[in-house]
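Asks: Take this structure, written in structure tokens, and hold onto it; I'll ask about it next.
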Amino acid sequence: MSKKYHVTTSVNGDEYDFLCEPQQSLLDVLRDNLMLTGTKEGCATGDCGACSVMMDGRLVCSCLVLGVEAGGKKIETIEGMAKGDTLHPLQQKFLELNGLQCGICTPGILVAARALLEKNPDPSETEVRYWLAGNLCRCTGYDKVIRAVMAAATEMRGA
Amino acid sequence: MATILEKPGFNPDRQYKIVGTSPVKHDGFDKVTGRAKFAADAFLPGMLIGKVLRSPHPHAVLKSIDISKAAALPGVKAVITRDDFPEIKQGTGAGDMTRIAMAREKVYWEGHPVAAVAATSESIAKKALKLIDVHYEVLPHVIDPVEAMKPDAPILHDYMRTKGAKGPDAEKPTNVVERSVLAICDVDAGFAQADFIVEHTYDTKPMHQGYIELQSCIANYSDDGQVDLWCCTQAPWVYRDRLTEILKIDSSKIRIQQSELGGGFGGKTTFYLEPLSIVLSRKAKCPVKMTLTRSEVLRATGPVSGTQSTIKMGCKKDGTIVAVDSTLIFQTGPYTGSAFTNAPQAMLTRYELKNVRTVSYEVVSNRPKVSSFRAPCVPQVVFGVEDCVSELARKVGMDELDFRLKNAIVEGHKTIYGETFNRIGFVETLEAAKNCDHYKSPVPKGQGRGIATGFWFNRGGETTGTMNLAPDGTVNIILGTADVAGSRMSMSMMAAEEFGIPVDRVRSVLADTNSLGYNRVTAGSRTTFSSGMIVIDSARKIIAELCRRAAKIWNVPEEGVIFEDGHCRPASSNVGNFEPLSMKDIASKTTYTMGAIAGHSEMNVTGAGPGFAVHIVDVEVDKETGLTSVKRYTIVEDAGKAISPLQVEGQFQGAAVQGIGWALNEEYIFGDDGRLQNPGFLDYRMPVASDVPMIDTVIVEVPNPKHPYGLRGVGEVPLTPAMGAIGNAIGNAIGIRPRSLPMTPAKVLALMEAGAKAG
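Going line by line, the protein sequences match chains A and B. One point on numbering: in our numbering, the residue at position 27 of the first sequence is 27, and numbering is uninterrupted. One point on numbering: in our numbering, the residue at position 369 of the second sequence is 1369, and numbering is uninterrupted.
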């Protein structure tokens, strides 16, 4: 058994402690240690984006971050996206416009799309497509995903 | 008095309130908040983690396996090999299944399981795998199906003889599972009438379904021999019965609960980890969770068949196709099961043809066993068929859609496989394509446009469901068919439509295998149709019962009660002046009438209406690199009746982009050593958002006369024409039609260079 490390981190504003093996990824820690299973594993090589989370305000693939690296950082996951009873406009638009089918890639896409809209509140279709190029979806063909992001952006701008 | 679904005919006069709208999916809320529970999202107390040791060789005799060091590692609770599975004869269905789960005499592909370990942590399980000592006698391998048919090819199974073969070769060991001939009339006489004949050979490579959710399961084998299995599957009942066959455990003792399904597309119709986790759990006496890695998914779960097709097609000057003669070869991995006979049945079904002959071969080879993918074995062949059709249209000098319209089948057509079609919508679909904005717009400069058409049977089959009326008048539907993209919501909508109540008063859930009767696999575009029949039938049974209860409460004859908009009412003023009774009014008082009200239905559903589609694609090909960009894409398809139009569009769009991947990028690349060289999403590159445009859709609605609302399945059809349409578009852009999938930049560039040399 490899030595375990004690890590303290903040997830969605709450402080968490966990013990992790040195090779464990942040994704493994979120899912297996903290039971925050909204963040999904699709590849564990940084190619599919299903495990997208924010770390200190930066969009990362949590499968490419070690659990120990999360120490002292602020992690934001899909579980923190809705505020109380109010869904984030992106979540709402994905529901209304059928921006999801099976839903396995949806948490990662929502986290990534929120990061885009925080940076660029008025993206073009092409900008949305390139920003989400790191998030694989096999069900939708992306059409309704892109439309939902554009619609949420419009709503968030108050347009 | 409501009628129970005895004659499930289409009612053309029905006015819809809910069907045809697109309310938010009930399962969507948990999916946007991260709370939906997919297979890998479950944990059990005391759970161990299981991992699989896989063969590094594509073909070898499994001489010996020594597990002693692994079993002795602290934290390891069970190690299993072939010795832990019942012996079942080779060359039988169950014999093949058990050998796919765990190798016995030989390993047949790189990634074939040879042992599995359950341990207290993943890292210990992985460490234990390295301590298992396996001795292989490596054999020559063969992966390409055409190579595998050659007389000197390495033979996978000494016992295999070709089904349907005649002559001296019929008795020799072979890799050809079956030779199948489907023919009508006389192709030679047909070609004798032809003014134009085209003939080409096409090849396609294995590609993967590409679902994002990794297969995962938890098995718990209790001391009394009861198995609880949690997994992602399109086919819980099929899994149960196959597990019974290979593990010799009674079906009644295997309870499978399906999780949310994170994509399947046919790839989750067969099990991989499930038997291993059950046997590990039995041995370790703990629940065992197993999850595949992406590399394992690509190396060891079924990609589609690679194919080679030779297609010869002839027509008269007036555009009438007179004969088609084809030879098709399907690669199936080490065991039969490609469903290759779909291809000769479906590849041409949409054209009125007098003389057809198709000779098909299914061939084993050293790659993972094929699994289904939307319209199994059909899109690969349509890739060639639609090239021949377009080329003949050009030779005759007809518009490509007009040429297809001239040869299109209509109601009353007798198919090559013996079915006579009821009302179908191929002509309407072609006409809608001709009238759509995309087809009427000129092809942009520097681009090429392609069109292609496709067909799928659509399926029915054994289906069971239950519906319960709660005391507050709300409705709960219990389904057995897996929900691959929103079918639970379509079921809730159909029930709400029958009752005339808001859809939010209906909820659909997915049952485990002990809670309902048999349900066939969710595949073949059957679920919304088949489970929909069950739901409508169950709702009508409940409505009949509500009327009976109202009659009893009012003390009037049953015929005196009608049901509309969620209420029982007197049929006329002659019956009496009663206040309408709501579903809640009756359901809340069942204690005083005859007890709880439920509807239940089981059917072997028939009458699935066939579906047809036309795809129109504009592409641009980079002259320097050969890179193809899809610029515009329109799908026109007959859905019969779209229950939820947004969901139907989603099926079309998703299939189109899978087709773009298959057409342009996706393929299994094997090294000379028989190992997969691209077992990850970086090198096995599926389309990303920036690779594709918006996908336009036109939903045609020609009702299926065998369904109360007229619906037809829509899952398979929209993949069938995709690569054919893209191939035709590239052909029109560069002047030479590619005939090998995927149409990579290198292949397209080579075609352009060859074309330039030829002048």
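Note that CB positions come from ideal geometry on N, CA and C, so glycine has one too. Model, not experiment: these values are computed from the prediction.
(1) Name, going along the chain, the residues of the stretch 1209-1226 of chain B whose beta-carbon falls closer than 7 Å to a beta-carbon of chain A.
(2) List the residues of chain A that B/Asp1437 touches, going by C-beta distances under 7 Å, in chain order.
(3) Going by CA-CA distance only, name the one from B/Ala1725, B/Pro1151, B/Thr1233 and B/Ile1616 that's closest to B/Asn1435.
(4) Taking its Cβ as the centre, do 16 or more other Cβ atoms sit within 10 Å of B/Phe1043, making it buried, or is it exposed?
(5) Buried or exposed: which applies to B/Arg1299, given that a residue is buried once 16 or more other Cβ atoms fall within 10 Å of its Cβ?
(6) Should A/Arg129 be flagged as near chain B, meaning a C-beta pair shorter than 9 Å?
(7) Could you please tell me which residues of the stretch 40-69 of chain A, in chain order, have their CB closer than 8 Å to any CB of chain B?
(8) Within the same chain, show all residues whose beta-carbon is closer than 6 Å to that of B/Asp1696, passing over the 5 residues directly before and after it, in chain order.
(9) Less than 9 Å between the beta carbons of B/Ala1118 and B/Ala1375, yes or no?
(10) Assuming B/Gly1640 and B/Arg1712 form a contact by the criterion Cβ under 8 Å, report the distance between their Cβ atoms to the nearest whole angstrom.
(11) Give me the chain B residues within the contact set of A/Ile104, using Cβ-Cβ distance strictly less than 7 Å, ordered along the chain.
(12) Is it buried or exposed for B/Gln1647, if we count other Cβ within 10 angstroms and need 16 for buried?
(13) Quick one: does A/Gly134 have its CB under 9 Å from some CB of chain B?
(14) Straight-line CA distance for B/Asp1195 to B/Ala1189?
(15) If the criterion is Cβ atoms closer than 9 Å, does the pair B/Leu1139 and B/Pro1154 meet it?
(16) Hey, A/Asn12 and A/Cys20 are a contact pair by Cβ (cut 8 Å); roughly how many whole angstroms apart?
(17) So, helix, strand or coil for B/Lys1641, using DSSP?
(18) Name, please, each residue of chain A whose Cβ falls closer than 7 Å to the Cβ of B/Ala1485.
(19) Taking 9 Å as the cut-off, decide whether the C-beta atoms of B/Tyr1202 and B/Phe1383 are in contact.
(20) Do B/Asn1604 and B/Gly1460 come within 9 Å of each other at the CB atom, strictly closer than that value?
(21) With H, G and I counted as helix, E and B as strand and the rest as coil, what does DSSP make of B/Glu1558?
(22) In the DSSP assignment, the alpha helix (DSSP H) including A/Met81 goes from what residue to what residue?
(23) Select from the stretch 1011-1042 of chain B all residues with a C-beta closer than 9 Å to any C-beta belonging to chain A, and list them in chain order.
(24) Among B/Leu1741, B/Pro1693 and B/Ser1515, which has the Cα closest to the Cα of B/Gln1258?
(25) Using C-beta distances below 8 Å, list every residue in its chain close to B/Asp1013, excluding the 5 sequence neighbours before and after it, in chain order.
(26) Is it the case that the Cβ atoms of B/Thr1415 and B/Gln1331 are separated by a distance below 9 Å?
(27) Between A/Phe18 and chain B, is any beta-carbon pair separated by less than 9 Å?
(28) Give the residues of chain B in contact with A/Lys144, contact being defined as C-beta atoms less than 9 Å apart.
(29) Please name the residue, chosen from B/Leu1062, B/Gly1680, B/Thr1590 and B/Phe1340, that lies closest to B/Ile1542 on a Cα-to-Cα basis.
(30) Judging by CA-CA distance, which residue of B/Asp1133, B/Gly1091, B/Val1484 and B/Ile1080 is the nearest neighbour of B/Ala1115?
(31) Output, in chain order, the set of chain A residues within a Cβ distance shorter than 8 Å of B/Gln1258.
(32) Less than 9 Å between CB atoms is the rule here; does A/Asn120 satisfy it with respect to chain B?
(33) Starting from the Cα of B/Phe1455, find the closest Cα among B/Phe1265, B/Met1467, B/Gly1524 and B/Asp1224 and give me that residue.
(34) DSSP state of B/Thr1033, grouped into three classes?
(35) DSSP has B/Tyr1239 in a bridge; who is on the other side?
(36) Taking the straight line between their C-alpha atoms, what separation do you get for A/Leu26 and B/Ser1338?
Replies: Concretely, from the data shown:
(1) Gly1210, Tyr1211, Ile1212, Glu1213 and Leu1214
(2) None at all; the shortest Cβ gap to chain A is about 16 Å.
(3) B/Ile1616
(4) exposed
(5) buried
(6) yes
(7) Lys40, Glu41, Gly42, Cys43, Ala44, Thr45, Asp47, Cys48 and Ala50
(8) Thr1634
(9) no
(10) 3 Å
(11) Phe1038, Ile1212, Glu1213, Gly1262 and Gly1263
(12) buried
(13) yes
(14) 13 Å
(15) yes
(16) Contact flag wrong, Cβ pair sits at about 18 Å.
(17) coil
(18) Gln101, Cys102 and Cys139
(19) yes
(20) yes
(21) helix
(22) Where A/Met81 is concerned, there is no enclosing alpha helix (DSSP H), given that its DSSP letter is neither H nor E.
(23) Ser1022, Val1024, Lys1025, Asp1027, Gly1028, Phe1029, Asp1030, Lys1031, Val1032, Thr1033, Gly1034, Arg1035, Ala1036, Lys1037, Phe1038, Ala1040, Asp1041 and Ala1042
(24) B/Ser1515
(25) none
(26) no
(27) no
(28) Leu1646, Glu1649, Gly1650 and Gln1653
(29) B/Thr1590
(30) B/Ile1080
(31) The contacting residues do not exist; B/Gln1258 stays about 13 Å from chain A at best.
(32) no
(33) B/Gly1524
(34) helix
(35) Its beta-bridge partners do not exist; DSSP assigns none.
(36) 40 Å
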